Amino acid sequence: MADDERGLDDSSDAEMDLDDIEQQPTARRWVKEEIQEMYTHRYEAPRDRLPRPSQSYLHHVLITLKNGHADYFRQELRVTPYTFDKLVAAIENDPVFENSSEAAHQAPVEEQLAVLLYRFGHDGNAASVQGVCNWAGIGKGTVLLYTKRVLTALLRPEFTQDAVRMPNEDEKEEAKKWVERHSCKAWRNGWCFVDRTLIPLYTRPYWYGESYFDRKCRYSLNIQIVNLPNLRIIDFGYGHTGSTHNATAWEGTRIATNHEDLLEEGEWIWADSAYPLQSWVISPYKKPDCFDKNNTIFNECVSNLRIRL
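Under our numbering, the first residue of the sequence shown carries the number 1, and numbering increases by one thereafter.
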């Protein structure tokens with residue numbers, strides 16, 4: 001009797017296993033179909049469409065302000081029309097702007113670059129994704145897509161190496177003449193400047209967030225900039241948090257590590273008091289030496305030069 005019951009149980013278990021095997025493909029098929037159905041729709045929940053004006057302010061900037069009001073154009077995009085056109089010409093042939101689809105075409109490179117410049121040239125609510133949407137008359141996803149494309153083109157090694165380079169002899173001589181006109185002949189060999197700029201972050205980073213907290217009570221990145229008197233950047237250093245001291249972040253720049261090759265004998269860089277004083281780095285006097293009358297005059301003259309930063 002027990003053997004009969006065991007036989008019935010074994011038979012029942014076998015039937016249940018068979019049912020599971022038959023049902024598994026159906027369940028997988030159902031899940032797959034549901035996922036495919038989800039991907040066919042961009043939004044899972046009903047939404048209200050935000051009405052947009054028939055013509056965005058972006059087109060007004062690129063058509064009207066760019067051609068007749070350069071000062072207002074610069075207020076919007078932080079560059080002159082000439083610089084804007086040069087940037088467009090430099091990146092418009094980048095592969096990231098190519099589209100193999102015949103059904104959909106990318107927006108002109110001018111519009112994509114303008115969106116990025118407006119976004120990076122503003123702060124606070126104006127720099128939010130929604131603020132850029134309102135200004136350009138496009139969707140949030142489009143703002144992020146334009147930003148990604150343009151940054152991809154601008155961060156190509158070949159573009160960076162061409163845009164950020166050491167000056168040639170004529171450019172260096174022009175920088176020396178500027179320094180001589182604004183100070184004295186003895187200072188003409190100090191033809192470039194270094195300083196820090198803090199790039200504020202949207203929020204506190206999750207990992208090691210306290211190291212990003214800078215002296216201005218913001219979370220930021222420390223970017224070192226070396227430039228000529230005409231404000232052309234010739235070197236930069238990045239990768240340091242906002243709390244990093246300038247003396248430490250400065251060591252990561254090319255000109256700091258290779259100054260013997262990049263600077264000639266008797267040439268130097270103007271810096272502020274946060275940078276270490278060396279034969280090729282000249283900075284103002286610190287306390288208490290700065291209270292000396294002659295040193296005060298020296299500091300004022302250095303500040304008059306560094307105001308270009």
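Even glycine gets a Cβ: it sits at the ideal position worked out from N, Cα and C. The model shown is predicted, which means the values in this text are computed figures rather than measured ones.
Start-to-end residues for the alpha helix (DSSP H) that takes in residue i
| i | result |
| --- | --- |
| Y72 | A70 to L77 |
| F97 | Taken as a continuous stretch (DSSP letters only), F97 belongs to no alpha helix (DSSP H), as it is neither H nor E. |
| D261 | H259 to L262 |
| R181 | E169 to H182 |
| F298 | K293 to R306 |
| Y118 | V109 to F120 |
| G141 | K140 to L154 |
| H60 | Y57 to H60 |
| Q135 | Gln is not the amino acid found at residue 135; the sequence shown has Trp there. V129 to A136 is the extent of the alpha helix (DSSP H) around W135. |
| W250 | N246 to W250 |
| D162 | P157 to A163 |
Sequence-distant residues of the same chain with beta carbon closer than 6 Å to residue i, five excluded per side
| i | result |
| --- | --- |
| P276 | A247 |
| W205 | For clarity, residue 205 is Pro in the given sequence; the question names Trp instead. So the qualifying residues of the chain are Y212. |
| A153 | I91, D94 and V96 |
| P284 | S273, N299 and V302 |
Selected residue, minimal CA-CA separation from residue i, among the options
| i | options | result |
| --- | --- | --- |
| I255 | S273, M38 and F236 | F236 |
| W191 | H240, E265 and N67 | E265 |
| P229 | Y39, V31 and R306 | R306 |
| S273 | K293, E267 and F298 | F298 |
| V109 | G124, R28 and K86 | K86 |
| A70 | P81, L62 and I63 | P81 |
| K287 | T296, L117 and W280 | T296 |
| S303 | D289, I282 and D292 | I282 |
| E171 | G141, W207, N227 and T203 | N227 |
| L262 | R181, R49, N168 and T203 | N168 |
| K140 | L65, R49 and G68 | R49 |
| Y238 | D289, R196, E210 and N125 | R196 |
| I138 | P46, Q55 and G124 | Q55 |
| K216 | T244, E174, Y208 and N189 | T244 |
Beta-carbon proximity list for residue i, same chain, < 8 Å, skipping 5 on both sides
| i | result |
| --- | --- |
| V143 | V115, R119, V129, V132, C133 and A136 |
| T257 | E251 |
| E44 | M38 |
| S279 | W268 |
| N294 | none |
| T253 | V194, Q224, V226, D235, F236 and G237 |
Residue interval of the beta strand (DSSP E) (run including residue i)
| i | result |
| --- | --- |
| D195 | C192 to P200 |
Identified DSSP bridge partners for residue i
| i | result |
| --- | --- |
| Q224 | R196 and G237 |
| F213 | Y219 |
| Q278 | V281 |
| W270 | F193 and I282 |
CB of residue i within 8 Å of CB of residue j, strictly
| i | j | result |
| --- | --- | --- |
| I199 | I225 | no |
| V96 | R149 | yes |
| Q112 | Y146 | yes |
| W187 | V194 | no |
| I233 | V164 | yes |
| L77 | V61 | yes |
| V249 | H240 | At residue 249 the sequence reads Ala, which differs from the Val that was named. Going by C-beta atoms, A249 is nearer than 8 Å to H240. |
| N189 | K176 | yes |
Other residues of its chain near residue i: CB distance less than 7 Å, five sequence neighbours each side excluded
| i | result |
| --- | --- |
| S317 | Residue coverage of the chain in this structure runs from 1 to 309, which leaves residue 317 outside it and unanswerable. |
| T40 | none |
| P106 | First, the residue type needs correcting, since residue 106 is Gln and not Pro in the sequence shown. Contacts found: F97 and N99. |
| Y57 | W135 |
| H182 | N304 and L305 |
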